[in-house]
Each structure stands twice: as C-alpha cells, then as structure tokens.
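Taken in order, these protein sequences are the chains called A and B.
Quick note: to get my numbering, add 1349 to the position in the first sequence (first position is 1).
Quick note: to get my numbering, add 1349 to the position in the second sequence (first position is 1).
All C-beta atoms in this analysis are idealised placements derived from N, C-alpha and C, irrespective of residue type, glycine included.
There are 2 protein chains.
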Amino acid sequence: MKRDSKLSGILHVLLHMLFMRRPATSEELGAMMGTNPVVVRRVMGGLREAGFVTAARGPGGGWTVACDPAATTLADIYRAVGEPSAIALGHRTEMPGCLVEQAVNARLDAAFAEMAAVFEQHLAGVTLAALSDDFNRRLAERGASLEDQTHAS
Amino acid sequence: MKRDSKLSGILHVLLHMLFMRRPATSEELGAMMGTNPVVVRRVMGGLREAGFVTAARGPGGGWTVACDPAATTLADIYRAVGEPSAIALGHRTEMPGCLVEQAVNARLDAAFAEMAAVFEQHLAGVTLAALSDDFNRRLAERGASLEDQTHAS
DNA sequence: CCGATTTGTAACATATGAAGTTACATGAAA
DNA sequence: TTTCATGTAACTTCATATGTTACAAATCGG
Chain A
1350 MKRDSKLSGI
1360 LHVLLHMLFM
1370 RRPATSEELG
1380 AMMGTNPVVV
1390 RRVMGGLREA
1400 GFVTAARGPG
1410 GGWTVACDPA
1420 ATTLADIYRA
1430 VGEPSAIALG
1440 HRTEMPGCLV
1450 EQAVNARLDA
1460 AFAEMAAVFE
1470 QHLAGVTLAA
1480 LSDDFNRRLA
1490 ERGASLEDQT
1500 HAS
Chain B
1350 MKRDSKLSGI
1360 LHVLLHMLFM
1370 RRPATSEELG
1380 AMMGTNPVVV
1390 RRVMGGLREA
1400 GFVTAARGPG
1410 GGWTVACDPA
1420 ATTLADIYRA
1430 VGEPSAIALG
1440 HRTEMPGCLV
1450 EQAVNARLDA
1460 AFAEMAAVFE
1470 QHLAGVTLAA
1480 LSDDFNRRLA
1490 ERGASLEDQT
1500 HAS
C-alpha cells in the first residue's frame, strides 16, 4: 500500500518554522519537504482552517505558526491534516450477508480500533515543543548549529 | 489508500473450510470471497507453505485445513499471508540528513511500532476456534442453519 | 494604478501497489 | 488419455497519494 506521508511532511516543516523568525513561503517549505509548493499549500490549508498556522499573501507573506507549541500535540496536527486512516488493512466486503464474514470482520474491527486508539493516544502525548526538544538534543549531540539544518542539507 | 484485504479474505474462507467435510476448490473459495480462483491460490499458497493447509491436485482435489483450529491464531495466519504492513502512514524520506526529520521520524516510528505490536498481540489472542465459536453464536442468534451460509448468500 | 509576489484552488497527470485476469504448465484420478 | 485441479508467470485494471499546470485573488511597494 502506498503510505500517506502528510503527517510526517507537515511535522517536518512545522518544526522548521518554529526556528524561523519570519513567515515561510510555500516555495521554501516545498524545498524542505522535497516537494511542490502546491502540495505544501494543500496540506497547510488544513492547519490554517484549524487555526494552527496563518497565511499571508503578497510580498513578504507566507506561513506563520499561530499556536503554542507546548499546547499543541501531534494528535491535533493529525486531525488538522484530515486524519488519514492509519490502518492499511481492510475488509474484503463491507456489507456481508454472510455470518462467517460478520464474525471475521467483528474481530478484525476490534483489532483495528485498538490500533487506531493506541496511535492517537501516542500522538496526543507528544507536543510540538517536545519534538523541538528532541531536535535540540540531536543538535547538541552532533555539535552542529541551527544554521546547518536550513536544508541546503 | 487502498487497503490490503488478504487477511480478511483468507480468514473468511478458512472459516468456511472448517465447516466443510471435503476439500474446497479454489473456484468454490473464490466464489465465497467474491474473487478469482487465481487470487485464492495466491493467498492460500502462503498458508500451504506455512503448513496450515494442504492442496491436492486433480479431480476431487482442492484445499484442506491441516492445522488445529484451537492452536492456530490469527497472528499465525497473518504471518502466513506475508504479514502485509498494517500501517498506512509513512515517512516522507527514509534517509534524512536533516536532524529535524530525524526527530520527527523517531517519534512517528515509535508510534507505528506500538500500533503494530498491539495489532499482532490482538491477533495472537484469537484462535480460529474462537472465530468459529463467534460464528456459531451468530448462527444461534439468528436461528439460521449452517447450510444457509454456504454462499449462495 | 501597476507590477511583483504569494496564497487558493481546480483540473489534470503520474506513480505505486493491491487485486483481477489470462495463459499455460504440472500433476492426479477415473 | 481425458478431465479436473493446483502452480505460477505475465499482464491488466483500479484506487489513490502525490505531483504538476494554470490561473484567480489578494497584498505590498512604488
């Protein structure tokens, strides 16, 4: 199955934005994510609607973080990007007239629901600030500077 | 994302096979699963290699369950069908030179690993016999007979 | 007002992978 | 030796995440 990488991608650019003092354009963020500016706008649009970022048009415009990183969890971001299904398995048929299929689906659904719950709980336990701390820890371990990470790399 | 339904499908036919006294052909199983006999052979092939079913060629041949349903768990079957990834989310890049991406990936990987573990544990706690019991319970609730479930339905 | 810059969005194109299909070889039973 | 069945390779189809093009709308500096 082709994996959805919206969450991964958007977290990446959000974290970069936390270290920038000025609005970031879709073009810049696209370069960071290795993708097209339009893709960035599409995904960031969800965050904008949810109020986690703001967008400004025109020269000097771009995207700005508009939430408290210590109060925003990965679960919030996950929902804002449309909560794409985290589960790659499914049923063969959704409307089984067959009782065998019903028995199978019921068990699998229970497992799927458990997975989804565990995932969201995990995300809810990690704030953007925590991610930012992770990053700073890695920087320190490497003895690298913030500027080294501005995605010439 | 297109969901992988091999586990769902194969459990369905396995359960049917438990209630049959004779080998089931790929054609019959395909009709039950609403798919092509070749697809059935492909997936059953994994179970055969793992020893959970046997296949016989020629007239009167077909597939036969060759394991103890009370000793075979859904986790066994899941592995036998190739353990397709249960997780629909992924990283944007796998080899990040960027420390931001590393920080993000590490957190997401932890969440994914937790999901996968929970899923396999859940599957490991359900035997084919338990599924069969589920089915019989549903039959009783409905007051239906076994024959009603032979997939004309 | 004008032109440059940037977001917003629709419409279309590409790529990936699960599932479906065709074709034919192999083996077993009557 | 014919018929029924699996075994498997090769190809097609379909869904959908992502990428691309095109252009409208808004904002800023002059």
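Query, Result
"Residues within the region 1435–1454 of chain B neighbouring chain A, beta-carbon criterion of under 9 Å", "1435, 1436, 1437, 1438, 1439, 1440, 1441, 1442, 1445, 1446, 1447, 1448, 1449, 1450, 1451, 1452, 1453 and 1454"
"Residues in the region 1460–1474 of chain A having any Cβ partner in chain B nearer than 7 Å", "1460, 1463, 1464, 1467, 1468, 1471 and 1472"
"6 Å CB neighbourhood of residue 1424(A) in its chain, flanking five on each side removed", "1469, 1472 and 1473"
"Residue 1425(A) at chain B interface by Cβ criterion, 7 Å", "no"
"Partners in chain B for residue 1395(A), counting only beta-carbon separations shorter than 8 Å", "By Cβ distance, chain B contributes nothing, its closest Cβ being about 15 Å from residue 1395(A), past 8 Å."
"Pick from 1359(B), 1351(B), 1488(B) and 1355(B) that is closest to residue 1446(A), judged by C-alpha positions", "1488(B)"
"Alpha helix (DSSP H) segment containing residue 1467(B), residue limits", "1448–1473"
"Residue 1476(B) beta carbon less than 7 Å from that of residue 1405(B)", "no"
"Cα-Cα separation between residue 1376(A) and residue 1385(A), rounded to whole angstroms", "7 Å"
"Proximal residues of chain B, C-beta to C-beta of residue 1354(A) below 8 Å", "1438, 1439, 1440 and 1441"
"Closer than 7 Å to chain A by CB, residue 1370(B)", "no"
"4 or more residues per run - each alpha helix (DSSP H) lying fully within the region 1384–1411 of chain A", "1386–1398"
"Any chain B beta carbon closer than 7 Å to residue 1484(A)", "yes"
"Start-to-end residues for the alpha helix (DSSP H) that takes in residue 1355(A)", "1355–1367"
"For residue 1435(A), three-class secondary structure by DSSP", "coil"
"Three-way DSSP call (helix, strand, coil) for residue 1373(B) in this model", "strand"
"Cβ-based burial, residue 1450(B) [other Cβ within 10 Å; buried from 16]", "buried"
"Which listed residue (1428(B), 1485(B) and 1440(B)) has its alpha carbon closest to that of residue 1448(A)", "1485(B)"
"Pairwise C-alpha distance: residue 1357(A) and residue 1374(B)", "45 Å"
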